[in-house]
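With the numbering used here applied, the sequence shown corresponds to residues 4 to 277, in that order. Glycine included, each C-beta is placed from N, C-alpha and C at the ideal position. Remember, predicted model here, so these are calculated numbers, not experimental data. Only one structure is covered here, and it is reproduced in the block below.
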Amino acid sequence: MYEYLHDQWPDAGTEAPGLRMEGAGAPGRAVARIWAPKGCRLDPSPHAERGPGAHLLLVVEGGGRVHQEGRVLEARRNHVVILDAELETRIDFPRPSVTYAWSLGGSVLGSRWIRERLGEVLPVREAIWSPARGLTNGLLDGDPALTDQPAIARAGEALLKAVVESSAPWTRRGADQVYGEAMALIEDRYGDPAFSAGQLARELLVSERTVARAFSFLGRTAREELDRRRAGALRLRTGLRLQASSEFAREAEEAGFTSVEAAERALRRLADGR
């Protein structure tokens with residue numbers, strides 16, 4: 004696992020002074036403990052081998068952001084991050100952090116509790132994650148031969164599934180419910196230029212992938228829907244009257260746009276019926 008970690012993030016030491024990685028096992032059935040006393044930024048290697056499966060990160064102390072496939076996941080203490088093992092992952096934890104990591108093979112995707120939550124962050128009570136940490140510490144500090152035992156690997160995978168199952172909502176919101184909640188939030192927040200599609204997903208406590216599925220029937224993305232709402236508000240503000248560029252810039256900002264160019268693009272799309 005040590006070699007695997009450094010294969011994934013070969014420049015870890017240069018971006019994380021004092022970083023200590025301890026691992027056991029191999030990809031598909033591996034565990035790791037990562038201590039970053041001054042925080043860390045781990046950039047993925049484009050040459051690393053990646054196969055089907057899932058990576059689980061448990062943040063015990065500190066935290067920050069995990070970047071994967073254009074998504075940004077906010078993770079802090081007592082959070083479990085569930086990641087697609089086939090995608091490049093960048094970790095940016097600016098504060099002193101302690102993280103446990105598990106690399107699980109493709110068989111774990113047979114569990115819908117894992118499969119349906121790839122790219123999500125779950126808050127987990129300490130009473131639930133403590134057994135997983137205890138097992139991991141035992142494997143890292145004990146006889147290395149233990150990690151080669153199939154029974155140990157199965158027990159660890161079952162324990163992690165239980166952690167996720169115990170922490171995830173018993174009922175998942177359907178696409179129509181997520182869409183309704185997203186539209187209500189867009190209506191409430193569109194005037195804030197800092198409000199983005201990524202922020203929308205985080206405030207709904209779902210992944211950006213889940214939001215994308217909820218908007219797919221419209222043939223546009225959540226970001227495009229947000230821009231569309233802002234463009235509608237801007238058109239109501241300006242009408243057809245001519246405006247000085249400074250006045251239009253002010254109206255665009257009050258409608259939630261971060262720039263005049265973004266406002267003009269959104270107005271053109273709205274006029275085209277998109």
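Practice prompt. Sort out for me which residues DSSP pairs Thr92 with in a bridge.
Written response: Looking at the DSSP assignment, Thr92 forms a beta bridge with Gln71.
Worksheet item: Who are the Cβ neighbours of Asn140 in its own chain at under 8 Å, not counting the five residues just before and after it?
Response: Contacts found: Arg36.
Fill in: Distance, Leu90 Cα to Thr261 Cα
Their backbone Cα atoms lie some 30 Å apart in a straight line.
Fill in: Which of helix, strand or coil DSSP assigns to Leu45
If DSSP states are grouped into helix, strand and coil, Leu45 belongs with the strands.
Discussion item. Between the segment 112–123 and the segment 40–49, can you find at least three pairs of beta-carbon atoms closer than 8 Å?
Written reply: Not touching, per the Cβ criterion.
Fill in: Identified DSSP bridge partners for Ser100
Ser100 is bridged by DSSP to Ala39.
Worksheet item: Just curious, the alpha helix (DSSP H) that Leu239 is in, first and last residue?
Response: Segment 225–241, the alpha helix (DSSP H) holding Leu239.
Discussion item. So for Trp173, helix, strand or coil by DSSP?
Written reply: Here Trp173 scores only 46 on pLDDT, less than 50, and its place in the model should not be relied on; the value that follows carries that caveat. Of the three classes helix, strand and coil, the one that applies to Trp173 here is coil, per DSSP.
Worksheet item: Would you say Val214 and Ala185 are within 9 Å of each other, going by their C-beta atoms?
Response: In this structure, Ala185 lies closer than 9 Å to Val214 by Cβ.
Worksheet entry | Inside the segment 105–175 only - alpha helix (DSSP H) runs reaching at least 4 residues | With a minimum length of 4 residues, the continuous alpha helix (DSSP H) runs that stay inside the segment 105–175 are 115–118, 129–144, 153–170.
Worksheet item: For Val124 versus Ile85, is the C-beta spacing smaller than 9 Å?
Response: Between Val124 and Ile85, the gap from beta carbon to beta carbon is short of 9 Å.
Discussion item. Helix, strand or coil, according to DSSP, for Glu52 in the structure here?
Written reply: Note: Glu52 maps to coil in three-state DSSP.
Worksheet item: Quick check: the segment 188–200 against the segment 222–231, are there 3 or more CB pairs under 8 Å?
Response: Yes, the segment 188–200 touches the segment 222–231.
Worksheet item: Quick one: what's got a C-beta closer than 7 Å to Ala255's C-beta in the same chain, skipping five residues either side?
Response: Result list for Ala255: Leu237, Val263, Ala266, in chain order.
Discussion item. Arg212 and Ala269 - do their beta-carbons sit closer together than 9 Å?
Written reply: No, the pair does not count as a contact, with Cβ atoms beyond the cut-off.
Worksheet item: Do you know whose CA, among Leu112, Thr241, His70, Glu206, lies nearest Phe96's CA?
Response: Ranking Leu112, Thr241, His70, Glu206 by Cα distance to Phe96 puts His70 first.
Worksheet item: Would you report the Cα separation of Ala130 and Ala217, rounded to the nearest angstrom?
Response: Straight-line spacing of the CA atoms in Ala130 and Ala217 works out to 33 Å.
Fill in: beta strand (DSSP E) segment containing Ala57, residue limits
Looking at the DSSP string, the run of the beta strand (DSSP E) that includes Ala57 is 57–64.
Worksheet item: Counting along the chain, where does the alpha helix (DSSP H) carrying Val84 start and finish?
Response: According to the DSSP assignment, Val84 belongs to no alpha helix (DSSP H) but to the beta strand (DSSP E) extending over 82–87.
Item to complete: Kindly indicate which three-state DSSP category Leu76 falls into: helix, strand or coil?
Response: In the structure shown, Leu76 sits in a strand (DSSP, three-state: E or B).
Worksheet item: In terms of residue numbering, what span does the alpha helix (DSSP H) encompassing Asp191 cover?
Response: Judged by DSSP secondary structure, Asp191 falls within the alpha helix (DSSP H) whose first and last residues are 178–192.
Worksheet entry | Distance between beta carbons of Trp105 and Val34, contact taken as under 8 Å | About 6 Å separates the two Cβ atoms, so the contact holds.
Fill in: In DSSP terms, what Gly21 is bridged to
Paired residues: none, contrary to the question.
Worksheet item: Based on the DSSP output, what are the partners of Val2 in its beta bridges?
Response: In the structure as shown, the chain starts at 4 and stops at 277, and residue 2 therefore has no counterpart that could be examined.
Fill in: Of the listed residues Val111, Ala204, Arg253, nearest to Gly159 (C-alpha basis)
Looking at the Cα atoms, Val111 is the closest of the given residues.
Discussion item. Mapping the DSSP letters down to three states, classify Leu208 as helix, strand or coil.
Written reply: Correct three-state label for Leu208: coil.
Practice prompt. Helix, strand or coil for Ala278, going by three-state DSSP, please let me know.
Written response: Coverage of the chain is limited to positions 4 through 277, which leaves residue 278 absent and any answer about it impossible.
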